[in-house]
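Chemist:
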Amino acid sequence: MANNKTAFWKFLGETKVMIPILQRDYAQGRFDKGALRKNFLTSLKQALDGKLTDGQNELVLDFIYGSIEDGVMLPLDGQQRLTTLWLLHWFIALKAGKLSEGEATLLNFTYETRRSSREFCHQICLAKNFSTSDSIANICEYITTRTWFSSSWHHDPTIQSMLRMISGTNINLEKIDKKKRMDAQEANNMIDGLEKLFKDTTTEKFREYWDKITSKQPPFYFYQLPLQEFGLSDDLYVKMNARGKQLTPFENFKADLIGYIRQRAKEQDENRSSGKVDSDKDWRKLLDPVTGIPILLDTDWAYIFWENRSSQHTLDEIFFAFLNRVFWEELVSGSNIDDFSGDDEKGAKELEGDPSYRYLTADNVNDYHDLSPYKFHKGEIPYRLFENLIIVMKRIKAFESTNGLSLPRNIGEVFYFLPKYTTEDSKKDIITRLTQPHRVLFHAVYKYLLEGVPETVSLKRWLRVVCNITSGKSLGKDWNRYIIRTTATMLAAIRAVSSLDSHAVYETLRTLQISNSEKEIPSRMNEEITKAGIIVDSDGKLASYPGTGYSTWEEAIISAENYSFFNGSISFLYQGPDGVARFTDFSDKFNKVKEYFKPIIEDPAQILSENYSASTSLLQSLISRFDKNMFWDVIWWRKHYLFDNSEQSWRHYLYDPNLLRPVHEFLTESLTTIVRTDSTDRAEHMLFLLTNTGLLDFALRKFGNSYIRQYHGHDAIYPSTTGVFLDASYRDQFMQLPEIEITSGEKVPESFLIYGSDICFTYKGINFIWYRDNNVYLAKPDNGKEKQALISEGKEIYFSINPNNKPYPELLDAIKSLPDIFEKNMLDIKS
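Residue 16 is where the sequence shown starts when you use my numbering, and the numbers rise one by one after that.
(1) Sort His-518, Ser-513, Pro-370, Ser-325 by Cα distance to Glu-470 and report the nearest one.
(2) Only counting the same chain, and skipping five residues up and downstream in sequence, which positions put a Cβ closer than 7 Å to that of Glu-73?
(3) So for Leu-212, helix, strand or coil by DSSP?
(4) When you compare the CB of Asp-712 with every CB in chain B, is at least one pair closer than 9 Å?
(5) State buried or exposed for Phe-46, treating a residue as buried only when at least 16 other CB atoms are found within 10 Å of its CB.
(6) Within the continuous beta strand (DSSP E) that includes Met-197, where are the two ends?
(7) What residue from Ile-276, Thr-30, Asp-730 has the CA that sits closest to Ile-396's CA?
(8) Could I get the ranges of all uninterrupted beta strand (DSSP E) runs contained in the stretch 84-146, with 3 residues as the minimum, in chain order?
(9) The alpha helix (DSSP H) that contains Thr-737, what's its start and end?
(10) Would His-729 be called buried (16 or more neighbouring beta carbons within 10 Å of its own) or exposed?
(11) Thinking C-beta only, is Asn-782 closer than 9 Å to Pro-818?
(12) Per DSSP, which one or two residues make a beta bridge with Asp-444?
(13) Considering Ile-622, what are the terminal residues of the beta strand (DSSP E) in which it resides?
(14) In whole angstroms, give me the CA-to-CA distance for Lys-25 and Asn-339.
(15) Starting from the C-beta of Thr-184, find all residues in its chain whose C-beta is less than 8 Å away, skip the five residues before and the five after it, and write them out in chain order.
(16) Assign Asn-848 to one of three DSSP states: helix, strand, or coil.
(17) Helix, strand or coil: which one does DSSP assign to Ser-632?
(18) Considering only their Cβ atoms, is the gap separating Thr-692 from Glu-765 smaller than 9 Å?
(19) From the DSSP output, read off the bridge partner residues of Thr-706.
(20) Shortest alpha-carbon distance to Leu-675 belongs to which of Thr-688, Thr-706, Leu-657, Arg-640?
(21) Quick check: what's the CA-CA separation for Ile-550 versus Trp-568?
(22) Whose C-alpha, out of Glu-428, Thr-30, Glu-344, is nearest the C-alpha of His-392?
(23) In whole angstroms, give me the CA-to-CA distance for Gly-780 and Gly-799.
(24) For Lys-227, collect the residues of the same chain with a Cβ closer than 7 Å to its Cβ; drop the 5 residues on either side in sequence, then sort them by chain order.
(25) So, with DSSP's three-state summary, where would you put Glu-761?
(26) Tell me, which residues are paired with His-392 by DSSP?
(27) Consult DSSP for Glu-543 and reduce its assignment to one of helix, strand or coil.
(28) Rounded to whole angstroms, what's the CA-CA distance from Tyr-420 to Leu-478? Just pull it up for me.
(29) Tell me, please, whether the stretch 210-230 touches the stretch 83-99 by the rule of three or more beta-carbon pairs shorter than 8 Å.
(30) According to DSSP, what are the bridge partners of Tyr-238?
(31) By a C-beta neighbour count over all protein chains shown, 10 Å radius and 16 as the cutoff for buried, is Val-678 buried or exposed?
(32) Rounding to the nearest angstrom, what Cα-Cα distance links Tyr-126 and Gln-239 in this structure?
(33) Would you tell me roughly how many angstroms separate the C-alpha atoms of Ala-542 and Ser-586, rounded to the nearest one?
(34) What are the start and end residues of the alpha helix (DSSP H) that includes Arg-476?
(35) Locate the alpha helix (DSSP H) running through Val-455, then write down its first and last residues.
(36) Does the beta-carbon of Ala-508 have 16 or more other beta-carbons within 10 angstroms, so that it is buried, or is it exposed?
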């Protein structure tokens, strides 16, 4: 480090400094940076006066990185400090009457960002432009009134910032609203400019300062690091500077983060870190000029994100988002996640109540204020985070393809371990976000990189297992929602993943015991344990597949996992009727699956192969194997909402643990529908109607989807308001009588069932309604869909009979009498 210790005047005399065109404008002189100017200028003057607060005799201004070629340095990092140092040297030269002496050296500094900035830097270095410098009371006013100062320079942000660094904040109070004058006055009083700082300094004192800053031992230094000496190319330099010119939240974050490390190192050097977290760690090591955090942030690490840059060639947001996720990961994995069980919402809520957790989860890269949310461990950042980050980034950079760190199977939105920019509505670039399942995947990839050098085979196996654990979807009404959508389930998944060796995942899984838990994450883990037992043998070698089409069990199982809508879960292909794994039927079952389902699902409503997509033959074959307990557990209202050929229906049936036997038989036997006999038992009667009549085909054609529930006091299959009563056989068979003509409602083919809750019919040319309350009403002559009524004393009187399961001839006689009863009552009311 000492070999790179550099005095500004000596360096500028030997090397030209050119701020490149892709760098941002000079920011330290901006209007809102008054406090920053004050602090930096105060430190510089304390160094000049030998009054540094820490008792040091020189001020070290940290690292300046840049590319040097043909004697010209293009700064990568340090532009702001270099510009301020240059202005300080220029100002002291001017006030000491030494501008002619220093002119040639000062001219070695310029801005390439704009022609106006470059010309301004040139003009203020010329001694002839300040021939009357002794009488200049206001330097900025003097400069801006010269003929060589172009009026267009008032619009150059770098020039305006330089002028403000010279003069400090000077607000015209007469043009300020009275309510804001106090704040404006405070800004004016701040010592945030060179003229304010040296207000009472004499010419003699300025000459002393001049001698100091141009001597061999000046009061301030920086460490200059040429990029070429560390194997870093100019191409990297150009890419790094493509970050954009506006001071970003990420740049503020980096400055604060490096400042934090520097402060911890200083406290350690001065024996003031006792009692703090990680006080025994070598914090100074993190500041190494070649391998430390500051140089890595701006070189190797930033280069990793260049491939994912935005359309405007920026990368700050994705870099910042990634580091936020690393902090989130270290916070969560550093906690005792065993305290957060899958069914313990209390533990999850405690974590959700942590302000650091909430801030880092939000991942808002445009809302950085200070470093406090990042100090998640007893008010500090643990040293472990920096150690792990260095390891992870080194292994990412060395890995042959960072794309391999992303998801091999889509879980909702595509997962990217390294964030990318995407465009919405062609308006602006946004950053890829993390869902709850993605946070588990991020943890898994981070863990993998920490635990060893990445290589393609072990990484694919690891991601396959983790994806299988995280990609599960709920059954029933939440069928299309991923099981990991709460903090509790996310932590349960992280805990499960954390128990595995990421570089030998099959071998680790083989050693684990099957869990008795019925929770979703343990169930997914059980499946991975079971599959690992067949994929590799006891020696850890891939086991040969006994069937045709695949060479190993791993190849066959991966093919099945990626088939159709299975999303990694294929327990129905290897479980027997008792739920015990028996891979002897795997090949036959998989062949049936290939016959029945599409290999790739683009539309969740269209998942069956062409031969079965237009009928319910598959559903009828499966449901015909149900018993009445399965009906209540799987089909009845709130257990299942759809009867159709959609992914929702088939996911519900294939994965339900109550259906192990019928699913096994369905996939091992020929495609037949078991003939059932009708029964007086409610469930068995409804199963008969579903499987041995045309009800399911009718429901699929008429409703598209449906469910069975109690409706108007009846067991009914309904989409919403109109459906088919399943317990109205007395009514439905009555409607089949030759004397009866249905005028509303529709007969269900291959059954006595009728679609409709209120069935309108005619008998002997008269309109009647068999209403949903199981009464038969006289209907209006001109509108057979409305009940006939008389108005008596302001009240409606309806005329009906209750069938009471009478023999049909008696029922017909009773119905025939309704018009006569109506007429008699009408005459009674009139009389």
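Glycine included, each C-beta is placed from N, C-alpha and C at the ideal position.
Modeler: So, from the listed chains and residues:
(1) His-518
(2) Answer for Glu-73: Ala-62, Pro-234, Phe-235, Tyr-236, listed in chain order.
(3) In the three-state reduction of the DSSP assignment, Leu-212 falls in the helix class, which pools H, G and I.
(4) Looking at the structure shown, chain B is missing, and only one protein chain is on hand.
(5) exposed
(6) Not the beta strand (DSSP E): Met-197 falls in the alpha helix (DSSP H), residues 196-204.
(7) Ile-276
(8) 87-92, 124-126
(9) That residue, Thr-737, is in no alpha helix (DSSP H); it is neither H nor E in DSSP.
(10) Buried is the call here.
(11) no
(12) Thr-438
(13) Here Ile-622 belongs to no beta strand (DSSP E), and DSSP marks it neither H nor E.
(14) If I take the Cα positions, the gap works out to 40 Å.
(15) Phe-46, Gly-49, Ala-202, Asn-203, Met-205, Asp-207, Gly-208
(16) Because the chain in this structure spans residues 16 to 846, residue 848 falls outside the shown range and cannot be described.
(17) helix
(18) no
(19) The partner list for Thr-706 (beta bridge, DSSP) is empty, contrary to what the question assumes.
(20) Arg-640
(21) Each residue's alpha carbon lies about 5 Å from the other.
(22) Glu-344
(23) 11 Å
(24) Leu-63, Pro-233, Pro-234
(25) strand
(26) Glu-395
(27) Annotated three-state conformation of Glu-543 is helix, per DSSP.
(28) For the record, residue 420 in the displayed sequence is Leu; it is not Tyr. Rounded to whole angstroms, Leu-420 to Leu-478 spans 9 Å at the Cα level.
(29) no
(30) Lys-20, Phe-78
(31) With 16 or more other Cβ atoms within 10 Å, it is buried.
(32) 19 Å
(33) The sequence as given places Glu at residue 542; Ala does not occur at that position. Answer to the nearest angstrom: the Cα atoms are 7 Å apart.
(34) 471-485
(35) 451-466
(36) buried
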